[in-house]
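In what follows, a structure is listed as structure tokens, so that the remarks can point back to it.
Spelled out as structure tokens, the structure:
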């Protein structure tokens, strides 16, 4: 009954993404011969590869929430602003109240932001792109109010550890991403949530008529997305030991959306893959790091990124495979 | 064909028009003739092929076979615009004009009077005012179109079409959203156009309006031409028979099977259940092992009743009880929790989730019913999917194939499986055989009967009266969004249903009609 292992391998989603990642890593290796070198120092791994993972952590966290939102045929433009809010809160509270309070307050804020977005989309029925645009604009203002327009710095060592420490040699941000990936995967695929999210995104009307509580489903993914964004904000703040409300998480919502799309999840909702969204985030960061290492001015980064995205999307496109047929149809 | 009436030269002739979508034959060798200056009704139930015929004639769809002649010359427009240029204009139910532009701009969009490349606004407004005056419409043409009623918008759309030298005007359900007075205005315009020699094709499901304004009637059913008649010579009951019935003799023998069935206790009861402006309050009791058919014309309130029963639409009056206990059906979720299932009429938009696999589509309702925290394991899902694929003979028997790639009949079986997997007490089927080829059609009907023998209560909607008669123990007849009659036992036959629809009378009186 089951297709053979070989058949399944050929049908495996994500081949395009993995090939793209390997190709980019190979190019990185070509421009920087030490790219794959790893060394242990003060109980933490160092090296360009680790750097890719570490720098990519915030976008990877954002993508983890974003992929679920996009699977319901939504989008969350506010994640960058939510990062700024949670970073500002964590930085403001860390020295006075310690990590648990600061972390809880920051994540609580992310939760509230997610609830707000989910309320607008699921209950009021506002288009996701517009609904989350509200918080994208207002959220940065909120963050600036929290920091009173300054860059808030802190020294609380446990918060600094979140950005710069290590767990079993792995940088803490990377460990956090791995942990969140496992938790999200367990929640989504361990329960029926994954199937119901895919159904909701694939056809909300039909899902509603099949007895699925589509509103609750949509609310839940925005809340999760807000939470992931808040965690990313805390890590980004911990990394620089300060919160910059103007620049924290700026434009990262676009990178997160890109990572999800590169990971093969359609903006039209439905099928999603958590792991491939992570691969998408890695592809983006591997490019960023590669260009920095190559010594080219970072401006090139944007152009190269655009080109790579185009290639990956073309590779995924079923139409690309039979471009001839498309041309024929276009003539009609 | 009919020598008695003045044949007149044909304005639009359609001969042998065929169109298929995949394996579904939407139009089969349909002929249609429109004369100069006549108003011609094109009638048929959903899926009869009216829209396909219009779209094939006006070039929205390419046609597979057949020819169209306009004023004797063959035309084959490649697009709706080409059809307009040739002289065939269509005004759809949803007016295809721009609400935010002024009436004048809408009338002359794309063909504005210009001087030195600049639009002459004043000239455009003057012409627009003149044009609308021909239709007895005196309004400020500088106002945005959206500020006017739907009737005015329709007339503006018609005026635009006619002004573009239309010889044939197709009106697709133009009166669906108009009130009585607005309909009168529209009819006056239609009569005026007919008097000018324009041929008007009028698609509607309001039979009163057909008898009020149309000269001749063409009826389609299942993509075939059923007949072309003069309105004055076609009794209403005969018209409904043309639209709904098949061969009456075929069905009588099959009734016996339905008669013999054991009917159990009441499992769901609705009292004074209704929603203002949607369906008038009705009483409905459904018994285990019983098939209740809902019959009526399109727009009579059949699907609306089904949606109320399933909680897809909230009732604002009356009460519902399941197994004797009062329940509230606020959403499909509530209905599913009480053991209801619903296969909607629009399979593609409301039923299947095209990207998901057959397996996922089958387990969906069961999983939703069990809740998030009790996921079906993959092994359980595989077992359920294979059980129903075998039981319903779903082809191809591949649980991992996306459902969007299956044929209509097999998609319908998957949707049936989705509900059967939840072991429901009541299943609501809205047009279960719509758009399904003949073989699968018979199979679905056989399944419906088997399900009932196993104690399931079924509420089935169908436009095919002989089909309803075949499997129903009871038939509720609807008209104008209310339940007007109920036929049971011996009284369930096509002629009684037709009589009830036509007259709104009871089965007993209909015998005399």
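Residue numbers (the numbering used here), protein chains in the order written: chain A, 1 to 332; chain B, 1001 to 1513.
All C-beta atoms in this analysis are idealised placements derived from N, C-alpha and C, irrespective of residue type, glycine included.
Rounded to the nearest angstrom, how far is the Cβ of residue i from that of residue j, given a contact under 8 Å?
i	j	result
residue 1011 of chain B	residue 1071 of chain B	6 Å
residue 1358 of chain B	residue 1224 of chain B	32 Å between Cβ atoms; not a contact.
residue 1424 of chain B	residue 211 of chain A	Contact flag wrong, Cβ pair sits at about 11 Å.
residue 285 of chain A	residue 13 of chain A	So it is not a contact: roughly 21 Å between Cβ atoms.
residue 217 of chain A	residue 197 of chain A	6 Å
residue 1200 of chain B	residue 1207 of chain B	17 Å between Cβ atoms; not a contact.
residue 1057 of chain B	residue 1014 of chain B	6 Å
residue 17 of chain A	residue 262 of chain A	6 Å
residue 1242 of chain B	residue 1266 of chain B	Their Cβ separation, rounded to whole angstroms, is 37 Å, which puts residue 1242 of chain B and residue 1266 of chain B out of contact at 8 Å.
residue 954 of chain B	residue 202 of chain A	It is not possible to answer for residue 954 of chain B, since the shown part of chain B is limited to 1001 through 1513.
residue 1096 of chain B	residue 1157 of chain B	7 Å
Between which two residues does the beta strand (DSSP E) harbouring residue i extend?
i	result
residue 1342 of chain B	1340-1343
residue 1018 of chain B	1010-1021
residue 28 of chain A	Unbroken run through residue 28 of chain A is the alpha helix (DSSP H), 15-31; no beta strand (DSSP E).
residue 1201 of chain B	1199-1203
residue 1091 of chain B	1088-1091
Under three-state DSSP, which class holds residue i?
i	result
residue 1154 of chain B	helix
residue 1248 of chain B	In this prediction, residue 1248 of chain B scores a pLDDT of 39, lower than 50, which makes its location untrustworthy; the coordinate-derived value is nonetheless stated afterwards. In this structure, residue 1248 of chain B counts as helix in the three-state DSSP scheme.
residue 1282 of chain B	strand
residue 1495 of chain B	helix
residue 1276 of chain B	coil
residue 1221 of chain B	strand
residue 7 of chain A	Any reading at residue 7 of chain A is ruled out, since the residue's pLDDT is 47, under 50, leaving its predicted position unreliable.
residue 1326 of chain B	strand
residue 100 of chain A	helix
residue 1137 of chain B	coil
residue 1480 of chain B	coil
residue 1036 of chain B	coil
residue 75 of chain A	coil
residue 120 of chain A	helix
residue 1005 of chain B	Legend: pLDDT at residue 1005 of chain B = 47, less than 50; position of this residue unreliable, no value from coordinates given.
residue 1402 of chain B	strand
residue 1393 of chain B	coil
residue 1318 of chain B	strand
residue 1470 of chain B	helix
residue 1214 of chain B	coil
residue 37 of chain A	coil
residue 1433 of chain B	coil
residue 1424 of chain B	coil
residue 127 of chain A	coil
residue 1047 of chain B	coil
residue 51 of chain A	helix
Starting from residue i, trace the alpha helix (DSSP H) both ways and give me its first and last residue.
i	result
residue 1410 of chain B	1408-1420
residue 1181 of chain B	1180-1195
residue 185 of chain A	172-190
residue 44 of chain A	Unbroken run through residue 44 of chain A is the beta strand (DSSP E), 44-46; no alpha helix (DSSP H).
residue 1054 of chain B	1050-1057
residue 1071 of chain B	Neither: residue 1071 of chain B is in no alpha helix (DSSP H) and is coded neither H nor E.
residue 1362 of chain B	1358-1370
residue 1302 of chain B	1302-1309
Measuring from the CB of residue i, is there a heavy atom of the ligand ZN at a distance below 6 Å?
i	result
residue 149 of chain A	Of the ligands one can find in the structure shown there are none, so the ligand ZN has no counterpart to examine.
Closer than 9 Å by beta-carbon distance: list the chain E residues that pair up with residue i, in chain order.
i	result
residue 198 of chain A	Going by chain labels, chain E is absent from the structure shown, which instead holds the protein chains A and B.
Query raised in the report: Can you list the alpha helix (DSSP H) stretches of 4 or more residues lying completely in the segment 214-297 of chain A, in chain order?
Result: 214-240, 252-262, 274-294
Query raised in the report: Okay, do the segment 229-245 of chain A and the segment 76-92 of chain A touch, 3+ Cβ pairs below 8 Å being the bar?
Result: yes
Requested in this report: Spell out a yes or no on whether the segment 167-178 of chain A and the segment 253-270 of chain A are touching, meaning 3 or more CB-CB pairs, one atom from each, closer than 8 Å.
Outcome: no
**Report entry** Entirely enclosed beta strand (DSSP E) segments - the segment 131-159 of chain A, minimum 3 residues
**Finding:** 151-153
Query - Stretch-stretch touch, CB-based, cutoff 8 Å, three pairs: the segment 1320-1335 of chain B with the segment 1287-1305 of chain B - result: no
Report task. Could you say if the segment 1388-1404 of chain B and the segment 239-250 of chain A meet the contact criterion of at least three C-beta pairs nearer than 8 Å? Result -> no
Query raised in the report: Within the chosen definition, does the segment 251-260 of chain A reach the segment 138-156 of chain A through at least 3 CB pairs nearer than 8 Å?
Result: no
Query raised in the report: Per the contact definition of three or more C-beta pairs closer than 8 Å, is the segment 1038-1049 of chain B in contact with the segment 1213-1220 of chain B?
Result: yes
Query raised in the report: Given 8 Å as the limit, is there contact between the segment 288-297 of chain A and the segment 29-42 of chain A, that is, 3 or more CB pairs closer than that?
Result: yes
Query raised in the report: Should the segment 43-55 of chain A be regarded as contacting the segment 102-112 of chain A, the criterion being three or more beta carbon pairs within less than 8 Å?
Result: no
Requested in this report: For the segment 1470-1479 of chain B and the segment 1306-1322 of chain B, state whether three or more C-beta atom pairs, one from each stretch, are separated by less than 8 Å.
Outcome: no
Report task. For the segment 113-127 of chain A and the segment 221-231 of chain A, state whether three or more C-beta atom pairs, one from each stretch, are separated by less than 8 Å. Result -> yes
Report task. Inspect the CB distances between the segment 1273-1286 of chain B and the segment 1331-1347 of chain B and report whether three or more fall short of 8 Å. Result -> no
Query raised in the report: For the 8 Å Cβ check, are there 3 or more pairs between the segment 1289-1300 of chain B and the segment 1447-1460 of chain B?
Result: yes
Query - Inside the segment 1078-1133 of chain B only - beta strand (DSSP E) runs reaching at least 3 residues - result: 1088-1091
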